[in-house]
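Working notes, beginning with the structure itself.
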DNA sequence: CGACCTACTTTGCGATGCAAAGCAGACCGT
DNA sequence: ACGGTCTGCTTTGCATCGCAAAGTAGGTCG
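Residue numbers (the working numbering), protein chains in the order written: chain A, 57 to 176; chain B, 57 to 176.
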């Protein structure tokens, strides 16, 4: 079997949006998808183990891409930025996840056919 | 519940090795993990929808990282580079996959508990 | 009222992905 | 036998991007 036409681009994974497909941003989005009410900057920072500068930069990128909304306000006499996933952001993240799931399944099945499924 | 200590770094995903966590390389590795005997350059190129230059560069990176081995020879009077996953490469790819799986599961369960499981 | 703390933003640089151009050998027509 | 074209791969150049270090603003505490 010498590489069928149908296999062209079989593993190109075009759906892996660069904006999302990034260690730090992936963590941020995963954090946010579980918190519909949003998360404050410092919490996000701790959850993702990011430095201030780093998180700031990534949030800016995500905001420009329309994936998250940043609501800058004050709470307890301190500046507080509340980060949430936008509806579009949620949608795009879920699409991305679907692709990621395909990657995992592709790889798992290629690595060892029926690995956890007691092969019998 | 104001962010327990245990949640520190919960979503940092340190295991997402930059060398592997890359659209193109991810495709290459997934292709290779299913072909223990290796794949020739042109096949890989088509499978991953990559340009020559691109694939060349990524393979060089993967080789330097010790994840793949490149066997340059000739077949049918043509140069032919055969690419395979090294044992170490396979191991590291599988580790990476485990983390990726955690990402998917984390996100899926955060996004909507039991999404495809007809919720009851 | 001055030293430190939290909450961010900005700057600078090194690394990297990507595409266009380059190179070498094989095949093909005449 | 030789000019052109094709395949197979490498190199170069640039524009982007992640990351860390430094910077800013305002609040709190001694």
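For every residue, glycine included, the Cβ atom is placed at its ideal position computed from N, Cα and C.
On a predicted model such as this, the values are computed, not experimentally measured, just so you know.
Are the region 70-83 of chain B and the region 140-151 of chain A touching, with three or more C-beta to C-beta distances below 8 Å? no
Let's test the definition: count the other Cβ atoms within 10 Å of the Cβ of residue 108 of chain B and tell me whether it reaches 16, buried, or not, exposed. exposed
Range of the contiguous alpha helix (DSSP H) that encloses residue 86 of chain A: 79-89
Counting only Cβ pairs nearer than 9 Å, list the residues of chain A close to residue 68 of chain B. 79, 80, 83, 103, 104, 105, 106
Close Cβ partners of residue 124 of chain B (< 7 Å) along its chain, the five nearest in sequence each way excluded: 88, 115, 118, 139, 140, 141, 142, 145
Proximal chain B residues relative to residue 94 of chain A, where beta-carbon distance stays under 8 Å: Those do not exist, as residue 94 of chain A stays about 13 Å from chain B at its closest Cβ, beyond 8 Å.
If you reduce the DSSP assignment to three classes, tell me which class residue 74 of chain A lands in. coil
Below-8 Å beta-carbon distance, residue 137 of chain A vs any chain B residue: no
State the DSSP-derived secondary structure class of residue 123 of chain B, mapped to helix, strand or coil. coil
What is the DSSP secondary structure of residue 114 of chain B, counted as helix, strand or coil? helix
Buried or exposed for residue 175 of chain A, going by 16 or more other Cβ atoms inside 10 Å? With a pLDDT of only 48 at residue 175 of chain A, under the threshold of 50, the placement of this residue in the model should not be trusted; the figure read from the coordinates follows. Residue 175 of chain A is exposed by the Cβ-count criterion.
So is residue 167 of chain A in contact with chain B if we call contact Cβ pairs under 8 Å? yes
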